[in-house]
Every structure is written in C-alpha cells, then in structure tokens.
Amino acid sequence: MESRHWMSIMLFIAAALMLFVSFLSYQKRHLPVARTMILIMLTAAFYAFGYGLELLSGNLSQVKLALHIQYLGIPFVSTLWLVQAIQFTGAAARFRKRLIALLFLIPAVIFILQLTNDWHHLIYRDFLLNTDPSVSLYYTVKGLWYNIHAAYNYLVLLGGIALFISMFVRALPIVRKQIAVLLLGAVAPMLLNLFLWTGTRIDLTPFGFAVSGIAYAWGILRFNLLRLTPLAMAQVFETIRDGVLLFDYENQIVSYNRAAEKMFPELGSRRRYPADMTEVLAGSGELLERLRGLSDEDERFAYERLQAGRRLYYNCSLSFIHDTGNTPIGKILLFSDITELKESEVRLRENARQLSELNAFKDKLFTIVAHDIRDPVALLVSLTELLGDELTAADAEHAEVVREIKGQVRNTFQLVDNLLDWYRSQKGKVSFHPQAWSVQQVVRQALMLAGTKAGMKQIRLTERIGSELTVRADKEMLDLILRNLLSNAIKFTGIGGSIEVDAVLEEEKVILSVRDDGIGIDEATADMLRLEEPILKAPLGEEAGDARFGLALAREFVRIHGGSLWFESKPGSGTIFYFTLPGSAGGERME
907 MESRHWMSIM LFIAAALMLF VSFLSYQKRH LPVARTMILI MLTAAFYAFG YGLELLSGNL
967 SQVKLALHIQ YLGIPFVSTL WLVQAIQFTG AAARFRKRLI ALLFLIPAVI FILQLTNDWH
1027 HLIYRDFLLN TDPSVSLYYT VKGLWYNIHA AYNYLVLLGG IALFISMFVR ALPIVRKQIA
1087 VLLLGAVAPM LLNLFLWTGT RIDLTPFGFA VSGIAYAWGI LRFNLLRLTP LAMAQVFETI
1147 RDGVLLFDYE NQIVSYNRAA EKMFPELGSR RRYPADMTEV LAGSGELLER LRGLSDEDER
1207 FAYERLQAGR RLYYNCSLSF IHDTGNTPIG KILLFSDITE LKESEVRLRE NARQLSELNA
1267 FKDKLFTIVA HDIRDPVALL VSLTELLGDE LTAADAEHAE VVREIKGQVR NTFQLVDNLL
1327 DWYRSQKGKV SFHPQAWSVQ QVVRQALMLA GTKAGMKQIR LTERIGSELT VRADKEMLDL
1387 ILRNLLSNAI KFTGIGGSIE VDAVLEEEKV ILSVRDDGIG IDEATADMLR LEEPILKAPL
1447 GEEAGDARFG LALAREFVRI HGGSLWFESK PGSGTIFYFT LPGSAGGERM E
C-alpha cells in the first residue's frame, strides 16, 4: 500500500476523532464556547476528510472536488478558534458581535473565491501534475488571495494566542490547565502548517488538527474543559464580596480580586505579579508576621488595621491549595470585612450602657418620688381617720365632708401602693416565696380586712371554702390579689348587695372565684380589661381606670404562680372573677 493511502487513512481517523470531540462538545451545547468548539471541530473534520480524498484522487476533477470539501473548513477554522479565545477571555464584550462579523468577512470572501477559482484563479493559479506518486496527483501554484488568506490566518492565530497568554498569566491554577489545552489546539496546526513554506508538497496542517482533537478530548474528559471557562472563573473570583489573596508555594502573591485591593490599596501600586508578599504588604507588618507564623494547616484568625484614620476589622481564613496529591502548591487567604458589625456592636454596647444608667437613674428617681408620695398620703390617711373620730354628731355637715376626704385619700393611698407593687413586679424586685396555705384562712383574713369598707355600703361578705383546700402561693401576692378583687367588687356593688368567695379543686389546681351582684361590666370596659396590658391603654374614667389597674396587677401575680385570671360579667347582673393557683386537698399549712 502506497504512503498516500496510509496518509488518507490517518486523515480519515483524524476527521473521525474531530467528530467525536464535536459530539462531546454537543453535550454542553448550552454554552456559547461549546457551540464554537463544535464548529471548530466540524470545519477541521471537513479539512482533514477533504485532504484525505485529495490524496486518493485519480484525476483533476476529483482533486478540485476534494478542495471544495476542504474549503468548507479551511477559511473558517482559524477564525472560529479566535472567536473561542474571545469568548473564553471576555475580550471586546461591548462590540463582540460586530467584531465577529468583521472577522468572518475575509473567510467568506476566500470561500467564494475558491468556489469560483476556475474563472479568476485568485486562489490557485494552476494545477500541475505531481511526479512523486507518494503524494497527491496534482500540486497547486498558489495565487494572491491564497497568500492573503495565509497571512490572515497567522494574524488571527497570533491574536488568539496573545489573548490566551494574557489570561494564562492572571488565571487560577485550575484554569491554566484549560488554557494550556486550548493553546495546544492552535499551536499544533500552525507549526505544522509552516512546513508548507519550506517547499514540502505535503500539507501537514490536518494532522495538526488531529493533535488538537486529541488535546481537546483529553481536556474535556480530564480537566472539565468547556464546563467552566476562564472568564467565568475570573468573574467568580472578581465578584466575591470578600477579599481574596492567592499565594504560591514561595509565599508570592499571584493574584487578588477587587475587594482585596479596596482593603489593601498597596496591591494596585504593583504592576507585575507574582510579587513577594513582604514587599507588597510592607505596611501590614502584623499580617505578615501572622502569615509567616502559620502552620501547614488551614487556619482562621482575626486581623485589624488602621486605614484613613478608621480602624478596620477582618475575619481571615487561610486555606492551602494542593495538587492531585497532597503536596501544597499555594494558599488562598480570604478577608471578611466585619468593620460595620464591630462598630454596630460598639454602638450597641454604648447604648446599653447609657440605657442601664438611665434605668438606674429612673429606678432611683421612682423610689424617691414614690417614697415622698406614699409617706405623706399614709399620714393623711391617719389624720383623716383621727379627724373623723373626733367629730361629734352635731357636726354632721362637716362629718360628711371629712368622710369624702377620707375616702379620696384612702383610694389615693391604695393606688400608690398598687403602683409600687406593680413596678417592683415588672422590675423583678418582688420576692416570690411560695408555701402551702389554707385557702379558707387566707380568704377569711382578706374578708375581715375588707369588712369595714363593705360595711359602709351594707354589703354582705361570705365564703364557701372547705377547710381541706390548700394552695401553694406567695402569701403577700395572694393577699394583694384577693384585696384588689374584693376592693373592685365592693366598688361596683350597690348598697345592700352581696359578695361571695368560693374555691374548688380541679386536678392539681384550685380555682378561686369572687362573685358580686353589682352593676356588672359594660362591653367596652370588658374588652379593655381583656387586653394583655390594659394599664397602658387609654383611660375609661376614674373608676374603670382603677379597676383596670388593679386587675393588671392581680393578673401579673397570678401568672407568676403559673395560673390564669379571667372574668364573666353581665351588665346589671354582677361579675365573677376567677383565678387559678397550684393546690391540693388535705394539705397542711406551712409557714
């Protein structure tokens, strides 16, 4: 078998290999770079297949037909490779479409001129019979536009190589492998094409594209070529909000992103990288010491620096980069700017300190004011009681006035006392010491204290509580709850009415109730009393406001015991207040 037959077989195999690479690229056809790779390999396959047919041609017509097939790829393959370089590197983003259209102008002209070459002979001036049987039957005498196209192809390839070399210098290690594969895919055909200018009659360029096909297939299967382009990697690197510094194994800064340059403006003053980190970061001595003192393991540390009169805070994370084995080849340092967080933390602490001082001042002021109000009111209560006792029956007119004054002063004293108790409970200053108490004894004591006030309105106070019931409660809180509920009941019960206190055991809770047959609570007031914080709502009037305040305090103390307070009321028929406390039957009082 002649050598040209072997060459044809090799060219057909090369074309098949290029079709295989097109198939691999087709699987990622959603990427523009992959679509360009499909076209590159298809045009290179036409080139190789057509040249294989040319070597097997037996006459001039067959040679010309084979050239037509080759020129389905020859004019376009180099330009397509440049388009791929532009896509990978992100060059000419603003006018890319117009640039690509301009680049294909000469290839389109060459394609048309070759189809019509018999009319003008601008591509091939003549076809001469070849005396060497080991090559093609005819060899061609090149025309003007063939040389123009050759020069254009070299210019296009050099432009793409320049783009890739520029990207290679700035790229991350994982991306450099992809760029190297693509560079090999262009350099191999170009170098083999140069043999044509030495006088050889064999065009080795298609075999160069076979090398490209092998390189591309290896890159796709081994390095995820076309999966993530250098441009995409660069965009990811640049758009990371954290600062990134990339070091090689000799502690030289290889690359950095924009966020890092904002943190360390001195990075931008250096024109060439890699650069020694000691020179670039000379003004950040503390960071350099930290980097030199790190071990061979990933680490995290805090770092702060003074920049433009402002102290900046960072969380730093250092990670080592390894090759396919366990050998470290570099490291990457991430800076998270937490300055705003730190400053907010400082402001919060300052606000907390000021608030604490204000609260302390308020507590002190409230205590002083409450003391200055409570003691004089208590004195007024005593004086009005003494004055009432000294008045004789003859002074009936003055006695009525004194009784009114005494009632107002007593109500004021009770309000101030409740206010102090409520304030202490909100501040957590009320001590809570629950013990077991006889419900009957506690209720009778509360009824006895309320008896005087109820007697003035001839209100009958009764209780129906078994002696076996006990509750576990704080005695002072329980007295205040009962005192407020009885006081409210007396206030809203008419002359000659009745108030009844009852208690029943339900599971492990004692339900106490205070029932009156007074005027009841109207719907608007009932809705207000059901609010979570009725004390803070708009007042409904003097009496309703006092009732609401006392209820808020009683409900708060019931909640401290783990119970709940509610009421039922019907206007004109009376009101029942219920509250629950933990309790049992048959317990003994513990003091």
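Going by the numbering used here, the sequence shown opens with residue 907, and the numbers climb by one from there. Glycine residues also receive a C-beta, built at the ideal position from the N, C-alpha and C atoms.
Given Ile946, which residues of its chain have a CB within under 7 Å of its CB, disregarding the five upstream and five downstream residues? Val983, Leu986, Trp987 and Gln990
Under three-state DSSP, which class holds Gln993? In the three-state reduction of the DSSP assignment, Gln993 falls in the helix class, which pools H, G and I.
Separation of Val1348 from Arg1378, as counted between CA atoms: Arg1378 and Val1348 have their C-alpha atoms spaced approximately 12 Å apart.
Quick one: is Gly1447 buried, meaning 16 or more other Cβ sit within 10 Å of its Cβ, or exposed? Legend: pLDDT at Gly1447 = 46, less than 50; position of this residue unreliable, no value from coordinates given.
Give me the Cα-Cα distance between Ala1430 and Phe1398, rounded to the nearest whole angstrom. One alpha carbon belongs to Ala1430, the other to Phe1398, and they sit about 16 Å apart.
Smallest Cα separation from Arg1211: which of Glu1203, Ser1190 and Glu1205? Ser1190
Please state whether DSSP places Leu1212 in a helix, a strand or coil. strand
Could you tell me the distance, in whole angstroms, from the CA atom of Met965 to the CA atom of Gly956? What sits at residue 965 in the sequence shown is Asn, not Met. Going from the Cα of Asn965 to the Cα of Gly956 covers about 15 Å.
Tell whether a beta-carbon distance below 9 Å holds between Ile1425 and Phe1473. No. Outside cutoff.
Do the stretch 1091-1102 and the stretch 1112-1119 touch if we need at least three Cβ pairs shorter than 8 Å? Between the stretch 1091-1102 and the stretch 1112-1119, the count of C-beta pairs closer than 8 Å reaches three or more; the two stretches touch.
Going by DSSP in three states, Leu1221 sits in which element: helix, strand or coil? This sequence places Asn at residue 1221; Leu is not what is there. Note: Asn1221 maps to strand in three-state DSSP.
For Ala1208, count neighbouring Cβ atoms within 10 angstroms of its own Cβ and tell me buried if that reaches 16, exposed if not. Of the other Cβ atoms in all chains shown, fewer than 16 fall within 10 Å of the Cβ of Ala1208; this residue is therefore exposed.
Leaving aside the five residues before and after Ser928 along the sequence, list all residues of the same chain whose C-beta is less than 7 Å from its C-beta, in chain order. Ile944, Met947 and Leu948
Would you identify the three-state DSSP class for Gln1351, choosing helix, strand or coil? helix
Is the separation between the beta-carbon of Ala1166 and that of Leu923 shorter than 9 Å? In this structure, Ala1166 sits away from Leu923, with a CB-CB distance that is not shorter than 9 Å.
Quick one: what's got a C-beta closer than 7 Å to Tyr1498's C-beta in the same chain, skipping five residues either side? As shown, the chain starts at 907 and ends at 1497. That puts residue 1498 outside it, with no answer to give.
For Trp912, count neighbouring C-beta atoms within 10 Å of its own C-beta (all shown protein chains included) and say buried if the count is 16 or more, exposed if not. exposed
State yes or no: is the C-beta of Leu1224 within less than 9 Å of the C-beta of Asp1243? A distance of 9 Å or more separates the beta carbons of Leu1224 and Asp1243.
Contiguous alpha helix (DSSP H) assignments of at least 4 residues, all confined to the stretch 1139-1185: 1164-1169
Going by beta-carbon coordinates alone, are Ile1006 and Ile1016 separated by less than 9 Å? no
Could you give the DSSP three-state label for Ala1266: helix, strand or coil? Ala1266: helix per DSSP, three-state reduction.
Assuming Glu960 is part of the alpha helix (DSSP H), what are its boundary residues? Pro938 to Leu962
For Gly1489, which beta-bridge partners are listed by DSSP? Beta-bridge pairing links Gly1489 to Val1377.
Do Phe1319 and Val1287 have their C-beta atoms closer together than 9 Å? yes
Alpha carbon to alpha carbon, what distance is there between Leu1487 and Ala1409? 10 Å
Have a look at the DSSP bridge pairing and note the partners of Trp1472. BP columns for Trp1472 point to Tyr1484.
Do Gly1149 and Tyr1220 come within 9 Å of each other at the CB atom, strictly closer than that value? yes
Cβ neighbour criterion (16 or more within 10 Å) applied to Phe1001: exposed
Suppose contacts are defined by Cβ-Cβ distances below 9 Å. Is Leu1019 in contact with Trp1051 by that definition? yes
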